[in-house]
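Colleague: There's a structure below that I have some questions on.
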Amino acid sequence: MVDPLTWGTKRTRRILVVVILLAMGVFPLVGDDYNIVLVSRIICLSILAISLDLLWGYTGLLSFGHGVFFGIGSYSLGLTLKYFSFPGVAYIGVLIGISVSIIAATILGYFLFYGRISGVYFCIITLALTTIFFSVGNHPGLFHILGGNNGLVGPFLYHKFGIPGVWEYQRTMVSYLANYYTALVVFLMVFAFCYYLVKSPFGKILQALKNNEDRLEYLGYNVANFKIVIFAIACGLAALSGAISVPLQTTNPVVFGLSFNASIIIWIAVGGRGTLLGPAIGTLLVNYMEIWLSSEFQYLWVFLMGVFFILVIVFQPDGLLGLNLRLRKLVRSNA
Amino acid sequence: MDELLIQLLNSLSFIAIFGLIGVGLAVLLGLMGVINLAHGEFVMLGAYVTWWSNMAFHNYWIGLILAVISVGLFSLIIERGLIRALYDRPMETILATWGLGIVLREIAKLIFGKSYRIVEAPVPGFVSFWGIEYSAYRLFLIVTGTIVLFGVVVFFLKTNYGLKARAIIFNKEMASALGVDTDRINQVMFAMGASLAALAGALICPIYVTYADMGMPWLVGSFFVVVIGGVDSIWGPLGGSVVYGGSQGITEFFMSTVASQIIVLLIAIVVVRLRPFGLFAKR
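Residue numbers (my numbering), protein chains in the order written: chain A, 218 to 552; chain B, 88 to 370.
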């Protein structure tokens with residue numbers, strides 16, 4: 218398969234990257250408040266989508282429980298803020314979230330990947346994981362800590378985040394610009410990291426793993442170890458995006474629910490998996506589509522989203538960026 | 088002691104239901120390497136059809152039969168229209184069945200409304216034996232479930248269809264090369280799994296409330312059944328449901344539901360680590 222990221226000449230690609238970056242940078246200056254808040258959320262969620270794309274698109278491991286690690290990230294930051302308050306505590310919270318997520322992923326990965334859990338069983342186990350976390354998040358016995366169904370709410374969330382005195386932001390509408398740029402900077406950093414990761418020799422091994430796991434093993438690679446490492450990386454990034462989401466949305470057990478976890482997969486499928494850019498585009502597209510559909514069709518919109526998803530899976534499994542490849546092939550065969 | 092006996096009987100009813108739901112899921116996984124994420128929606132449809140005909144005819148038994156037949160026929164359409172288009176792409180099939188699940192849930196909400204529906208037990212009252220009083224309907228459920236599951240085992244081990252299905256699960260290419268019509272077997276087995284799920288739905292609707300999202304907990308439970316039991320033979324899902332239903336019933340007796348769920352997940356992960364093809368596989 219041709220890499221959809223390498224279309225056009227080098228020059229047009231460079232121009233396009235600059236245009237997109239400029240558009241993302243300038244957007245808050247021209248957009249209205251509502252859309253800025255919305256887009257900052259979408260940027261944060263697309264970090265999550267990109268991290269799952271590392272697993273699904275590049276390595277072929279479809280996790281139905283990626284939102285669990287997102288939730289670990291946001292609950293860790295939220296709880297840290299709830300119980301401690303000194304300048305810079307947010308950084309510690311983010312680090313705790315990422316480390317907890319990486320450790321959990323490594324332990325789980327050890328059991329699953331050394332147990333030779335293949336595609337479908339991996340889906341099932343991760344699916345089961347979401348239900349457990351969902352019921353822990355809603356557990357009445359933990360209500361005074363996790364807040365049950367409401368999630369983490371309270372004055373502690375209005376602490377200031379960021380670098381004291383230089384770059385401060387908080388969960389109020391007043392600082393939505395700072396929220397936006399923070400999400401954007403983290404997004405660009407994660408994107409660059411993932412881009413170099415998949416272009417590196419390690420990334421090549423991941424793609425080989427997806428294409429033919431047995432052959433890779435014959436060549437002497439420890440397949441399970443590579444799977445554990447990429448699972449830990451992806452889950453760490455998911456926790457990072459979860460931490461970024463704390464000032465942008467309410468932290469509640471919805472992130473452990475099956476529908477949130479499935480919608481991450483829908484974003485990736487719509488945008489085009491295995492492309493990094495695709496999941497980000499898909500997140501933007503599907504979220505705006507949901508908002509539009511839910512205002513147009515109050516009762517039918519979930520149904521319509523389901524039908525749309527089925528159509529994408531059956532007729533365009535490579536997503537939007539795959540469409541671009543198909544069109545080019547068509548043009549080339551006609552020329 | 089009496090409470091333990093009641094809990095044991097509750098476990099048996101769990102096992103019967105998870106057996107009915109899990110068999111369809113496991114057979115499909117064995118035949119096509121696919122999990123049907125809309126399987127819980129077949130349970131939901133079965134329950135709704137039973138509820139509806141209970142309202143229309145004031146007769147639970149018509150509803151039970153109607154649920155099994157109508158959901159079976161409906162699943163044939165689904166297999167033709169959706170699953171068959173994705174035969175050689177297992178991952179896409181899983182995602183498409185997820186989309187199908189969303190669509191079916193929303194249709195159910197549009198047709199039957201969002202409120203909880205209740206069906207009265209067709210076998211009322213309690214039966215007393217061995218010093219306890221136990222719900223007559225639950226006893227009926229245990230007996231029916233056991234008989235039907237026994238029938239499924241006979242179907243798999245003694246009939247021509249069962250033999251061909253086992254051949255496909257054992258080696259798909261070889262079976263196909265020897266002239267087994269894999270498409271036809273897949274279709275029959277898909278419909279059988281859906282009918283069994285609908286039967287489970289019809290059986291549980293007098294005990295639990297019926298609503299559009301009711302299928303999800305049962306689906307997740309039957310995942311555990313499949314993971315623990317494996318899909319190599321018909322004994323896999325049956326044994327899996329005994330282990331899962333039993334351990335859930337027993338742990339719920341001693342601790343909270345959440346704690347028992349966590350323990351069951353840990354059991355499943357350890358089982359997967361030690362016996363990747365399930366407890367009841369010959370590998």
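Just so you know, even glycine gets a beta-carbon here, dropped at the ideal spot from N, CA and C.
1. Quick check on the burial criterion: 16 or more other C-beta atoms within 10 angstroms. Buried or exposed for residue 421 of chain A?
2. Determine the direct distance from the alpha carbon of residue 299 of chain A to that of residue 159 of chain B, and round the result to whole angstroms.
3. Anyone know if the C-beta pair for residue 280 of chain B and residue 134 of chain B falls short of 7 angstroms?
4. Are residue 140 of chain B and residue 150 of chain B touching if we call contact CB-CB under 7 angstroms?
5. Under DSSP, the alpha helix (DSSP H) around residue 140 of chain B begins and ends at which residues?
6. Look at the Cβ atom of residue 468 of chain A, then the Cβ atom of residue 262 of chain A, and state whether they are nearer than 7 angstroms.
7. For residue 216 of chain B, name the three-state secondary structure that DSSP assigns.
8. Is it the case that the Cβ atoms of residue 310 of chain B and residue 479 of chain A are separated by a distance below 7 angstroms?
9. When you check each C-beta in the stretch 530 to 542 of chain A against every C-beta of chain B, which residues fall closer than 8 angstroms?
10. Determine whether the Cβ of residue 360 of chain B lies closer than 7 angstroms to any Cβ atom of chain A.
11. Pull up the distance between the alpha-carbon of residue 360 of chain B and that of residue 519 of chain A, whole angstroms please.
12. Across the stretch 251 to 258 of chain A and the stretch 312 to 322 of chain A, are there enough close Cβ pairs to call them in contact, namely three or more that are closer than 8 angstroms?
13. Is it true that the CB of residue 489 of chain A sits closer than 7 angstroms to the CB of residue 535 of chain A?
14. Using a Cβ-Cβ cut-off of 7 angstroms, state whether residue 218 of chain A counts as contacting chain B.
15. Between which residues of its own chain and residue 364 of chain A is the CB-CB distance below 7 angstroms, once the five residues before and five after are set aside?
16. Could you tell me the distance, in whole angstroms, from the CA atom of residue 533 of chain A to the CA atom of residue 539 of chain A?
17. Residue 178 of chain B touches chain A at which residues, Cβ-Cβ below 7 angstroms?
18. Is residue 356 of chain A close to chain B, meaning its C-beta is less than 7 angstroms from at least one C-beta of that chain?
19. Which residues in chain A sit within 8 angstroms of residue 355 of chain B, going by Cβ to Cβ distance?
20. How about the stretch 278 to 290 of chain A and the stretch 437 to 457 of chain A: do they share at least three Cβ pairs that are nearer than 8 angstroms?
21. I need the straight-line Cα distance from residue 343 of chain B to residue 324 of chain A, nearest angstrom please.
22. For the pair the stretch 263 to 281 of chain B and the stretch 239 to 254 of chain B, tell me if three or more CB-CB distances fall below 8 angstroms.
23. For the stretch 321 to 330 of chain B against the stretch 227 to 235 of chain B, are there 3 or more C-beta pairs whose distance is under 8 angstroms?
24. Please report the residue range of the alpha helix (DSSP H) in which residue 292 of chain B lies.
25. How about residue 162 of chain B and residue 136 of chain B: do their beta carbons lie closer than 7 angstroms?
26. Within the chosen definition, does the stretch 523 to 531 of chain A reach the stretch 179 to 198 of chain B through at least 3 CB pairs nearer than 8 angstroms?
27. Can you look up residue 160 of chain B in the DSSP assignment and give me helix, strand or coil?
28. For residue 218 of chain A, is the classification buried or exposed, using 16 other Cβ atoms within 10 angstroms of its Cβ as the cut-off for buried?
29. Please classify residue 512 of chain A: is it buried, with 16 or more other beta-carbons within 10 angstroms of its beta-carbon, or exposed?
30. Is there at least one Cβ from chain A nearer than 7 angstroms to residue 208 of chain B's Cβ?
31. Do residue 224 of chain B and residue 210 of chain B have their C-beta atoms within less than 7 angstroms of each other?
32. Checking 7 angstroms against the spacing of the C-beta atoms, do residue 181 of chain B and residue 122 of chain B come in under that value?
33. Closest Cβ-Cβ distance between residue 508 of chain A and chain B: below 7 angstroms?
34. Per DSSP, what kind of secondary structure is residue 221 of chain B in: helix, strand or coil?
35. At the 7 angstroms Cβ level, is residue 346 of chain B part of the contact set with chain A, yes or no?
36. For the candidate residues A:502, A:399, A:356, A:443, whose alpha-carbon lies nearest to that of residue 484 of chain A?
Modeller: With the structure as the only source:
1. Walking along the first sequence from the start, residue 421 of chain A turns up at place 204. Counting Cβ neighbours within 10 Å, residue 421 of chain A comes out exposed, since fewer than 16 surround it.
2. For the purposes of this step, residue 159 of chain B is taken as the residue at position 72 of the second sequence. For the purposes of this step, residue 299 of chain A is taken as the residue at position 82 of the first sequence. About 52 angstroms.
3. Position 193 of the second sequence holds residue 280 of chain B. Position 47 of the second sequence holds residue 134 of chain B. Not closer than 7 angstroms, so no.
4. Taking the second sequence and counting its residues from 1, the one referred to as residue 140 of chain B is at position 53. Taking the second sequence and counting its residues from 1, the one referred to as residue 150 of chain B is at position 63. Their beta carbons are under 7 angstroms apart, which means residue 140 of chain B touches residue 150 of chain B by this criterion.
5. Taking the second sequence and counting its residues from 1, the one referred to as residue 140 of chain B is at position 53. For residue 140 of chain B, the uninterrupted alpha helix (DSSP H) run begins and ends at 126 to 144, by DSSP.
6. Within the first sequence, numbered from 1, the residue matching residue 468 of chain A stands at position 251. Within the first sequence, numbered from 1, the residue matching residue 262 of chain A stands at position 45. No, they are not a contact pair.
7. For the purposes of this step, residue 216 of chain B is taken as residue 129 along the second sequence, with counting starting at 1. If DSSP states are grouped into helix, strand and coil, residue 216 of chain B belongs with the strands.
8. In the second sequence, counting from the first residue as 1, residue 310 of chain B sits at position 223. In the first sequence, counting from the first residue as 1, residue 479 of chain A sits at position 262. It is not a contact, given that the beta carbons lie outside the stated cut-off.
9. Result list: 530, 531, 534.
10. As a position in the second sequence, residue 360 of chain B is number 273, starting the count at 1. Closer than 7 angstroms: yes.
11. The count along the second sequence starts at 1 and reaches residue 360 of chain B at position 273. The count along the first sequence starts at 1 and reaches residue 519 of chain A at position 302. Taking the straight line from one Cα to the other gives about 38 angstroms.
12. Cβ pair count under 8 angstroms is below three, so no.
13. Reading the first sequence from its first residue, position 318 is the one you call residue 535 of chain A. Reading the first sequence from its first residue, position 272 is the one you call residue 489 of chain A. The beta carbons of residue 535 of chain A and residue 489 of chain A sit closer together than 7 angstroms.
14. Walking along the first sequence from the start, residue 218 of chain A turns up at place 1. Caution is warranted here: a pLDDT of 43 is assigned to residue 218 of chain A, below 50, making its placement in the model unreliable, and the coordinate value is therefore given only provisionally. Not one chain B Cβ lies under 7 angstroms of residue 218 of chain A.
15. As a first step, residue 364 of chain A must be located in the first sequence, where it is residue number 147. Closer than 7 angstroms at Cβ, skipping near neighbours: 370.
16. Taking the first sequence and counting its residues from 1, one reaches residue 533 of chain A at position 316. Taking the first sequence and counting its residues from 1, one reaches residue 539 of chain A at position 322. Inter-residue distance for residue 533 of chain A and residue 539 of chain A is about 8 angstroms (C-alpha atoms, whole angstroms).
17. Counting from 1 along the second sequence, the entry for residue 178 of chain B is found at position 91. The answer, in chain order, is 279, 336.
18. Here the question's residue 356 of chain A lines up with position 139 in the first sequence. At least one CB atom of chain B sits nearer than 7 angstroms to the CB of residue 356 of chain A.
19. As a working mapping, residue 355 of chain B is identified with position 268 in the second sequence. Chain-order list of chain A residues neighbouring residue 355 of chain B: 342, 345, by C-beta distance under 8 angstroms.
20. Of all C-beta pairs linking the stretch 278 to 290 of chain A to the stretch 437 to 457 of chain A, three or more are shorter than 8 angstroms, placing the two stretches in contact.
21. Taking the second sequence and counting its residues from 1, one reaches residue 343 of chain B at position 256. Taking the first sequence and counting its residues from 1, one reaches residue 324 of chain A at position 107. Computed Cα separation, rounded: 25 angstroms.
22. As far as the Cβ criterion goes, the stretch 263 to 281 of chain B touches the stretch 239 to 254 of chain B, which means the pair count is three or higher.
23. Taking a contact to require three or more Cβ pairs closer than 8 angstroms, the stretch 321 to 330 of chain B and the stretch 227 to 235 of chain B do not qualify as touching.
24. On the second sequence, position 205 is the one that residue 292 of chain B refers to. In the DSSP assignment, residue 292 of chain B falls outside any alpha helix (DSSP H), carrying neither H nor E.
25. Looking up residue 162 of chain B in the second sequence gives position 75. Looking up residue 136 of chain B in the second sequence gives position 49. Contact flag unset, no.
26. Yes, the stretch 523 to 531 of chain A touches the stretch 179 to 198 of chain B.
27. The count along the second sequence starts at 1 and reaches residue 160 of chain B at position 73. Taken through DSSP and simplified to helix, strand or coil, residue 160 of chain B comes out as helix.
28. The sequence position of residue 218 of chain A within the first sequence is 1, counting from 1. Its pLDDT being 43, under 50, residue 218 of chain A is placed unreliably by the model, and the measurement read from it follows with that caveat. Residue 218 of chain A is classed as exposed because its beta carbon has fewer than 16 other beta carbons within 10 Å across all chains shown.
29. Taking the first residue of the first sequence as position 1, residue 512 of chain A is located at position 295. Under a 10 Å Cβ-count criterion, residue 512 of chain A is classified as exposed, with fewer than 16 other Cβ atoms of the shown protein chains found around its own Cβ.
30. For the purposes of this step, residue 208 of chain B is taken as the residue at position 121 of the second sequence. Not one chain A Cβ lies under 7 angstroms of residue 208 of chain B.
31. Position 137 of the second sequence, counting from 1, holds the residue named residue 224 of chain B. Position 123 of the second sequence, counting from 1, holds the residue named residue 210 of chain B. Note that the C-beta distance between residue 224 of chain B and residue 210 of chain B is below 7 angstroms.
32. Within the second sequence, the letter at position 94 stands for residue 181 of chain B. Within the second sequence, the letter at position 35 stands for residue 122 of chain B. Yes, these two residues count as a Cβ contact at 7 angstroms.
33. Here residue 508 of chain A refers to the residue found at position 291 of the first sequence. Output row for residue 508 of chain A: interface = no.
34. As a first step, residue 221 of chain B is located in the second sequence; it is residue number 134 there, counting from the start. Three-state result, residue 221 of chain B: strand.
35. Taking the second sequence and counting its residues from 1, one reaches residue 346 of chain B at position 259. False, the Cβ-Cβ gap to chain A never drops below 7 angstroms.
36. For the purposes of this step, residue 484 of chain A is taken as residue 267 along the first sequence, with counting starting at 1. If we check each option's Cα against that of residue 484 of chain A, A:502 comes out closest.
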